[in-house]
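Participant:
Protein chains: 2
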Amino acid sequence: MTDLVRSWIETANDPESPFPLNNLPFGVFSAGDAPRCATAIGDKVLDLAALQKAGLLPDHGFDEPALNTFMGEGKQAWNEVREKLTDLLRDGAETDAVRDALHDMGNVTLHLPFTVIEYTDFYAGRQHAFNVGSLFRDPANALPPNWLHIPIGYNGRASTVVVSGTEFHRPMGQLKGPQDDQPRFGPSQRLDIELEMGAVVGMPTEMGQRISVDQADDMIFGYVLLNDWSARDIQAWEYQPLGPFQAKAFATTISPWVVTKAALEPFRCDTPPREKELLPHIKDTGPMLYDIDLSVTMTAPGAEPTEICRTNYNALYYSAAQQLAHHASSGCAMRTGDLLGSGTISGPEKGTFGSLLEMTWGGKNPITLEGGATRTFIEDGDTLALHGHAQGDGYRVGFGPCVGTVLPERADRS
Amino acid sequence: MTDLVRSWIETANDPESPFPLNNLPFGVFSAGDAPRCATAIGDKVLDLAALQKAGLLPDHGFDEPALNTFMGEGKQAWNEVREKLTDLLRDGAETDAVRDALHDMGNVTLHLPFTVIEYTDFYAGRQHAFNVGSLFRDPANALPPNWLHIPIGYNGRASTVVVSGTEFHRPMGQLKGPQDDQPRFGPSQRLDIELEMGAVVGMPTEMGQRISVDQADDMIFGYVLLNDWSARDIQAWEYQPLGPFQAKAFATTISPWVVTKAALEPFRCDTPPREKELLPHIKDTGPMLYDIDLSVTMTAPGAEPTEICRTNYNALYYSAAQQLAHHASSGCAMRTGDLLGSGTISGPEKGTFGSLLEMTWGGKNPITLEGGATRTFIEDGDTLALHGHAQGDGYRVGFGPCVGTVLPERADRS
Numbered sequence: 001m002t003d004l005v006r007s008w009i010e011t012a013n014d015p016e017s018p019f020p021l022n023n024l025p026f027g028v029f030s031a032g033d034a035p036r037c038a039t040a041i042g043d044k045v046l047d048l049a050a051l052q053k054a055g056l057l058p059d060h061g062f063d064e065p066a067l068n069t070f071m072g073e074g075k076q077a078w079n080e081v082r083e084k085l086t087d088l089l090r091d092g093a094e095t096d097a098v099r100d101a102l103h104d105m106g107n108v109t110l111h112l113p114f115t116v117i118e119y120t121d122f123y124a125g126r127q128h129a130f131n132v133g134s135l136f137r138d139p140a141n142a143l144p145p146n147w148l149h150i151p152i153g154y155n156g157r158a159s160t161v162v163v164s165g166t167e168f169h170r171p172m173g174q175l176k177g178p179q180d181d182q183p184r185f186g187p188s189q190r191l192d193i194e195l196e197m198g199a200v201v202g203m204p205t206e207m208g209q210r211i212s213v214d215q216a217d218d219m220i221f222g223y224v225l226l227n228d229w230s231a232r233d234i235q236a237w238e239y240q241p242l243g244p245f246q247a248k249a250f251a252t253t254i255s256p257w258v259v260t261k262a263a264l265e266p267f268r269c270d271t272p273p274r275e276k277e278l279l280p281h282i283k284d285t286g287p288m289l290y291d292i293d294l295s296v297t298m299t300a301p302g303a304e305p306t307e308i309c310r311t312n313y314n315a316l317y318y319s320a321a322q323q324l325a326h327h328a329s330s331g332c333a334m335r336t337g338d339l340l341g342s343g344t345i346s347g348p349e350k351g352t353f354g355s356l357l358e359m360t361w362g363g364k365n366p367i368t369l370e371g372g373a374t375r376t377f378i379e380d381g382d383t384l385a386l387h388g389h390a391q392g393d394g395y396r397v398g399f400g401p402c403v404g405t406v407l408p409e410r411a412d413r414s
Numbered sequence: 001m002t003d004l005v006r007s008w009i010e011t012a013n014d015p016e017s018p019f020p021l022n023n024l025p026f027g028v029f030s031a032g033d034a035p036r037c038a039t040a041i042g043d044k045v046l047d048l049a050a051l052q053k054a055g056l057l058p059d060h061g062f063d064e065p066a067l068n069t070f071m072g073e074g075k076q077a078w079n080e081v082r083e084k085l086t087d088l089l090r091d092g093a094e095t096d097a098v099r100d101a102l103h104d105m106g107n108v109t110l111h112l113p114f115t116v117i118e119y120t121d122f123y124a125g126r127q128h129a130f131n132v133g134s135l136f137r138d139p140a141n142a143l144p145p146n147w148l149h150i151p152i153g154y155n156g157r158a159s160t161v162v163v164s165g166t167e168f169h170r171p172m173g174q175l176k177g178p179q180d181d182q183p184r185f186g187p188s189q190r191l192d193i194e195l196e197m198g199a200v201v202g203m204p205t206e207m208g209q210r211i212s213v214d215q216a217d218d219m220i221f222g223y224v225l226l227n228d229w230s231a232r233d234i235q236a237w238e239y240q241p242l243g244p245f246q247a248k249a250f251a252t253t254i255s256p257w258v259v260t261k262a263a264l265e266p267f268r269c270d271t272p273p274r275e276k277e278l279l280p281h282i283k284d285t286g287p288m289l290y291d292i293d294l295s296v297t298m299t300a301p302g303a304e305p306t307e308i309c310r311t312n313y314n315a316l317y318y319s320a321a322q323q324l325a326h327h328a329s330s331g332c333a334m335r336t337g338d339l340l341g342s343g344t345i346s347g348p349e350k351g352t353f354g355s356l357l358e359m360t361w362g363g364k365n366p367i368t369l370e371g372g373a374t375r376t377f378i379e380d381g382d383t384l385a386l387h388g389h390a391q392g393d394g395y396r397v398g399f400g401p402c403v404g405t406v407l408p409e410r411a412d413r414s
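Line order of the protein sequences matches chains S and A.
The first sequence lines up with residues 1 to 414 when you count with UniProt numbering.
The second sequence lines up with residues 1 to 414 when you count with UniProt numbering.
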């Protein structure tokens with residue numbers, strides 16, 4: 001495990017900063033002006049468009065309001081930019097040009113870091129799949145028969161992937177519980193979170209082109225935290241046989257900083273032992289998961305945050321590389337800016353479940369929050385936050401916030 | 001029903017031309033040069049970029065290689081351009097400027113007419129849903145309990161929506177039949193078509209914004225033919241519980257000309273009687289389906305085409321407007337260039353089924369093609385073509401081709 005790389009920006013050397021020089025994630029910011037690409041260092045945002053304009057970085061579209069052009073330039077460009085930024089920010093390398101391109105993190109607006117071209121959600125949490133199967137169908141047949149063979153997934157909705165901090169309204173939908181004669185249309189009463197990681201596809205494939213797990217891993221630009229907000233009652237009524245649709249389509253929140261594969265390299269780890277042998281095209285070829293500590297806090301209006309979940313990305317059964325190899329396996333073309341949700345990350349014990357559905361076992365066992373409020377599902381005004389970092393030796397690689405507050409349903413139609 | 005509107009371009013006045021002046025669909029073409037927007041008239045393609053440059057049309061991005069800018073301009077722009085083109089092409093209105101912008105249809109390349117932002121596939125064919133439910137699950141519970149209440153759908157894959165004429169390879173995938181101990185990875189042996197119509201979303205909505213059926217109908221720019229190619233064996237193993245994914249992701253073919261709502265106005269008709277009352281937000285508000293004759297031909301290599309299906313768009317249970325209203329109902333933002341597949345259109349009788357799965361009843365009853373070949377599912381080198389037109393009084397409104405030929409699976413991985 002590598003040590004902290006010291007920066008001339010002091011706050012980056014704090015062992016609890018999410019943004020040491022070892023990290024160098026990519027995002028998009030504005031400071032009362034046009035959005036453009038940035039990196040984060042300590043408590044600062046570094047304007048990459050300014051560095052590009054000053055000739056300190058090659059032209060990779062850093063003046064654009066999204067990372068897609070840069071990502072599409074490929075691995076060599078990603079590595080060169082990382083090296084160059086490391087050189088510019090290393091302890092002792094302070095220059096006016098770089099200092100002039102810094103902004104205090106608290107003074108900027110962070111935007112969706114890339115244009116999400118398409119969004120696919122996977123289902124790689126074994127415990128989550130087991131728990132949901134028990135609750136939605138039948139404990140005796142909880143894990144679907146294909147689960148241990150295929151990293152199954154479904155296409156999600158890209159148009160409502162939003163950056164941390166974006167508020168949204170409680171979704172309306174068709175609801176029909178087991179006791180109801182007729183369905184009705186109304187606000188979801190079982191609004192939930194899903195703690196996930198998002199893998200960002202940097203390099204595309206052509207239609208008809210299949211890829212190995214190694215090629216898939218190479219294509220990934222980096223990772224974000226991802227909350228796949230879910231309306232469990234809308235989901236229960238709509239999902240057979242075509243899968244989840246409106247239940248997921250109202251909002252998905254991601255963190256604003258895409259943490260690169262390079263920054264996560266020291267934290268690679270293996271997937272768990274295979275319960276059944278995988279087919280060759282998705283077999284594990286090396287450590288493709290990451291040791292990333294994850295947690296979720298829930299905050300009732302006016303109260304302090306309560307930690308409701310603590311787990312790790314390495315609790316998953318399948319890696320993003322396996323999911324991506326599967327995604328292209330029929331010849332499905334992948335594109336720069338595609339986003340892949342890992343699936344809800346739940347560990348095996350209480351306290352490690354990545355959704356309220358599991359934590360409260362379908363609403364049967366309410367949880368108690370700081371300030372005394374109890375919850376089964378999300379109530380109006382609640383704030384849910386995902387937190388994550390990879391713990392190094394004297395430093396950590398963080399992702400930034402992944403926060404959302406739920407507003408009441410909209411009364412009007414438009 | 002209106003009569004033929006006569007054009008100074010004679011071939012447009014032929015009662016069997018798909019492109020009379022009553023139609024004026026929109027597409028994208030090139031003639032050895034850069035792709036740009038066009039309309040079709042008789043056996044000609046009319047270059048709209050040239051007309052825009054000559055000041056005969058307002059600047060609506062017709063010089064771009066996609067219709068998205070024009071569609072995003074809104075209904076008033078769509079209507080004004082239709083009126084202007086009608087005036088320019090009306091019998092007696094011949095000018096050099098317009099004549100100079102014409103190309104023979106046979107001399108041009110037609111491209112994907114718009115950038116498909118996201119693609120959603122619905123399931124509004126009652127007979128199809130019943131047939132598939134019987135084959136995939138259980139005849140006693142063939143129609144899912146939610147089917148008569150919700151115009152259910154699932155997100156599809158936009159990256160592999162291609163224009164008519166695009167060849168593609170037989171998809172590979174994980175396969176596990178009822179008799180197999182273990183799954184295997186190999187070429188699909190049950191490759192199929194799905195006869196559908198595609199509705200093209202012209203006007204967007206915001207996240208959180210719900211829409212009425214009337215507002216949804218207003219948002220639709222026009223319609224295309226759509227073949228939702230499907231790998232039934234990949235589908236059977238992967239689809240529970242998250243829905244179809246790789247089974248559909250390898251290719252979807254659409255016709256090159258988007259036929260506008262205005263051209264289809266004389267052909268509006270009602271949905272069938274409701275078996276169960278619909279909730280208010282998706283209730284029928286008027287005639288939102290269209291009377292469009294549809295057929296499918298299948299051509300074995302070296303043989304003549306065989307018609308294998310003949311039906312009508314009005315066999316569907318739900319309209320595109322209802323599907324779109326449902327799609328936005330949770331607050332899901334819709335965007336210009338979103339594509340909505342209707343779902344497979346199957347009538348109640350033999351000869352009207354829109355998929356080989358149904359025509360051959362899961363492969364049990366082979367069909368015989370011209371030249372003597374028999375088929376259960378698609379074989380390498382087969383060509384499948386969807387055909388459609390709305391029949392007026394002495395004219396028809398056509399869609400152009402929707403054709404695909406299946407190549408053998410790719411042996412190499414990349």
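Quick reminder that beta carbons are idealized off the backbone N, C-alpha and C, glycines included.
As the structure is a prediction and not an experimental result, all values here were calculated from the model.
Residue 167/A: which of 54/A, 323/A, 103/A and 250/A sits nearest, CA to CA?
Facilitator: For this step, residue 167/A is matched to residue 167 along the second sequence. It is 250/A.
Participant: I need the straight-line Cα distance from residue 92/S to residue 11/S, nearest angstrom please.
Facilitator: Position 92 of the first sequence, counting from 1, holds the residue named residue 92/S. Position 11 of the first sequence, counting from 1, holds the residue named residue 11/S. So the alpha carbons of these two residues sit roughly 15 angstroms apart.
Participant: If you check the beta carbons only, do residue 339/S and residue 222/S fall under 8 angstroms apart?
Facilitator: In the first sequence, the residue the question calls residue 339/S occupies position 339. In the first sequence, the residue the question calls residue 222/S occupies position 222. Taking the C-beta atoms as reference points, residue 222/S is found no nearer than 8 angstroms to residue 339/S.
Participant: Using a Cβ cut-off of 8 angstroms (strictly closer), state whether residue 309/A contacts chain S.
Facilitator: Here residue 309/A corresponds to residue number 309 of the second sequence, with the count starting at 1. Residue 309/A does not count as touching chain S.
Participant: For residue 396/A, which of helix, strand or coil comes out of DSSP?
Facilitator: Walking along the second sequence from the start, residue 396/A turns up at place 396. It is a strand residue.
Participant: What does a CB cutoff of less than 6 angstroms around residue 398/A pick up in its chain, not counting 5 residues either side in sequence?
Facilitator: Walking along the second sequence from the start, residue 398/A turns up at place 398. So the list reads 18 and 389, once near-sequence residues are dropped.
Participant: Looking at the unbroken alpha helix (DSSP H) that takes in residue 52/A, where does it start and where does it end?
Facilitator: Looking up residue 52/A in the second sequence gives position 52. Start and end: 48 to 53.
Participant: Determine contact between the region 197 to 211 of chain A and the region 263 to 279 of chain A, defined as no fewer than three beta-carbon pairs at a distance below 8 angstroms.
Facilitator: no
Participant: For residue 386/A and residue 247/S, I'd like the C-alpha separation in whole angstroms.
Facilitator: As a first step, residue 386/A must be located in the second sequence, where it is residue number 386. As a first step, residue 247/S must be located in the first sequence, where it is residue number 247. Going from the Cα of residue 386/A to the Cα of residue 247/S covers about 33 angstroms.
Participant: Check distances from the C-beta atoms of the region 127 to 161 of chain S to those of chain A and list, in chain order, the residues that come in under 7 angstroms.
Facilitator: 144, 146, 149, 150, 152, 153, 154, 155, 156, 157, 158, 159 and 160
Participant: What runs of the beta strand (DSSP E), each 3 residues or longer, lie entirely inside the UniProt domain "Fumarylacetoacetase N-terminal" (22 to 113) of chain S?
Facilitator: DSSP runs (the beta strand (DSSP E)) wholly in the UniProt domain "Fumarylacetoacetase N-terminal" (22 to 113) of chain S: 26 to 30, 36 to 41, 44 to 47, 102 to 104 and 109 to 111.
Participant: Within 10 angstroms of the Cβ of residue 364/A, are there 16 or more other Cβ atoms? Answer buried if so, exposed if not.
Facilitator: In the second sequence, residue 364/A corresponds to position 364, counting from 1. Residue 364/A should be labelled exposed.
Participant: Name the DSSP bridge partner or partners of residue 271/S?
Facilitator: Translated into positions along the first sequence, residue 271/S becomes position 271. For residue 271/S, DSSP records no beta bridge to any residue.
Participant: Consider the Cβ of residue 230/S: report whether some Cβ of chain A lies at a distance smaller than 8 angstroms.
Facilitator: Sequence index remark: in the first sequence, residue 230/S carries index 230 (1-based). Interface criterion not met: the Cβ of residue 230/S is under 8 angstroms from no Cβ in chain A.
Participant: Anything in the region 264 to 289 of chain S with a Cβ closer than 9 angstroms to a Cβ of chain A? List those residues in chain order, please.
Facilitator: 276, 277, 279, 280, 281 and 282
Participant: Please list the partners that residue 254/S has in chain A, where partner means a Cβ-to-Cβ separation under 7 angstroms.
Facilitator: In the first sequence, residue 254/S corresponds to position 254, counting from 1. Going along chain A, no residue has its Cβ under 7 angstroms from residue 254/S, so there is no contact; the nearest lies around 14 angstroms.
Participant: Within the region 134 to 181 of chain A, note down every full alpha helix (DSSP H) run reaching 4 residues or more, in order along the chain.
Facilitator: none
Participant: Using a Cβ-Cβ cut-off of 6 angstroms (strictly less than) and excluding sequence neighbours within five positions of residue 405/A, which residues of its own chain qualify?
Facilitator: The count along the second sequence starts at 1 and reaches residue 405/A at position 405. So the qualifying residues of the chain are 167 and 383.
Participant: For residue 34/A, count neighbouring Cβ atoms within 10 angstroms of its own Cβ and tell me buried if that reaches 16, exposed if not.
Facilitator: Here residue 34/A is taken as the residue at index 34 of the second sequence, counted from 1. Around the CB of residue 34/A, fewer than 16 other CB atoms lie within 10 Å, so the residue is classed as exposed.
Participant: Is the CB of residue 330/A under 8 angstroms away from at least one CB in chain S?
Facilitator: Translated into positions along the second sequence, residue 330/A becomes position 330. At least one chain S Cβ lies under 8 angstroms of residue 330/A.
Participant: Would the beta-carbon of residue 193/S fall within 8 angstroms of that of residue 225/S?
Facilitator: Here residue 193/S refers to the residue found at position 193 when the first sequence is read from its first residue. Here residue 225/S refers to the residue found at position 225 when the first sequence is read from its first residue. It is not a contact, given that the beta carbons lie outside the stated cut-off.
Participant: Indicate whether residue 410/A and residue 208/S have their beta-carbon atoms separated by less than 8 angstroms.
Facilitator: Within the second sequence, the letter at position 410 stands for residue 410/A. Within the first sequence, the letter at position 208 stands for residue 208/S. Against a cut-off of 8 angstroms, the Cβ pair of residue 208/S and residue 410/A comes out as a contact.
Participant: I want to verify the contact list: residues of chain A whose CB lies under 9 angstroms from the CB of residue 177/S, in sequence order.
Facilitator: Your numbering for residue 177/S matches position 177 in the first sequence. The contacting residues do not exist; residue 177/S stays about 13 angstroms from chain A at best.
Participant: If contacts are defined as beta-carbon pairs under 8 angstroms, then residue 402/A and residue 157/S qualify, I think. What distance do you get, rounded to the angstrom?
Facilitator: On the second sequence, position 402 is the one that residue 402/A refers to. On the first sequence, position 157 is the one that residue 157/S refers to. Cβ-Cβ separation between residue 402/A and residue 157/S: approximately 26 angstroms, too far for a contact (criterion under 8 angstroms).
Participant: Do the CB positions of residue 133/A and residue 343/A come within less than 8 angstroms of each other?
Facilitator: Position 133 of the second sequence holds residue 133/A. Position 343 of the second sequence holds residue 343/A. For residue 133/A and residue 343/A, no; Cβs fall outside 8 angstroms.
Participant: Comparing C-alpha positions only, which one of 162/S, 196/S and 178/S sits nearest to residue 136/S?
Facilitator: In the first sequence, the residue the question calls residue 136/S occupies position 136. Closest option to residue 136/S, Cα to Cα, is 178/S.
Participant: Please report whether the beta-carbon of residue 190/A lies at a distance below 8 angstroms from any beta-carbon of chain S.
Facilitator: If you number the second sequence from 1, residue 190/A lands on position 190. So no, residue 190/A is outside the interface.
Participant: Which residues of the region 214 to 241 of chain S have a Cβ closer than 8 angstroms to any Cβ of chain A? Give them in chain order.
Facilitator: Listed by position along the chain: 215, 231, 234, 237, 238, 239, 240 and 241.
Participant: To the nearest angstrom, how far is the alpha carbon of residue 57/S from that of residue 74/S?
Facilitator: In the first sequence, residue 57/S corresponds to position 57, counting from 1. In the first sequence, residue 74/S corresponds to position 74, counting from 1. Distance between the alpha carbons of residue 57/S and residue 74/S: 15 angstroms.
Participant: Which runs of the alpha helix (DSSP H) spanning at least 4 residues fall entirely within the region 269 to 340 of chain S, listed in chain order?
Facilitator: 320 to 327
Participant: Near residue 356/S, what residues of its chain come up, given a Cβ to Cβ distance below 6 angstroms and the 5 sequence neighbours on each side ignored?
Facilitator: Locating residue 356/S in the first sequence gives position 356, where the first residue counts as 1. Cβ within range, chain order: 192 and 377.
Participant: Does DSSP classify residue 356/A as helix, strand or coil?
Facilitator: Taking the first residue of the second sequence as 1, we reach residue 356/A at position 356. The three-state reading of DSSP puts residue 356/A in helix, counting H, G and I together.
Participant: Closer than 7 angstroms by beta-carbon distance: list the chain A residues that pair up with residue 173/S, in chain order.
Facilitator: Here residue 173/S corresponds to residue number 173 of the first sequence, with the count starting at 1. Per Cβ cutoff of 7 angstroms: 329 and 330.
Participant: Taking only the alpha-carbon atoms, compute the straight-line gap between residue 175/S and residue 278/S and give it to the nearest angstrom.
Facilitator: Working through the first sequence from its first residue, we reach residue 175/S at position 175. Working through the first sequence from its first residue, we reach residue 278/S at position 278. Going from the Cα of residue 175/S to the Cα of residue 278/S covers about 38 angstroms.
Participant: What does a CB cutoff of less than 6 angstroms around residue 370/A pick up in its chain, not counting 5 residues either side in sequence?
Facilitator: Residue mapping note: residue 370/A aligns to position 370 of the second sequence, counting from 1. Closer than 6 angstroms at the Cβ level, and outside the excluded window around residue 370/A, lie 303, 304 and 306.
Participant: For the region 55 to 69 of chain S against the region 112 to 122 of chain S, are there 3 or more C-beta pairs whose distance is under 8 angstroms?
Facilitator: yes
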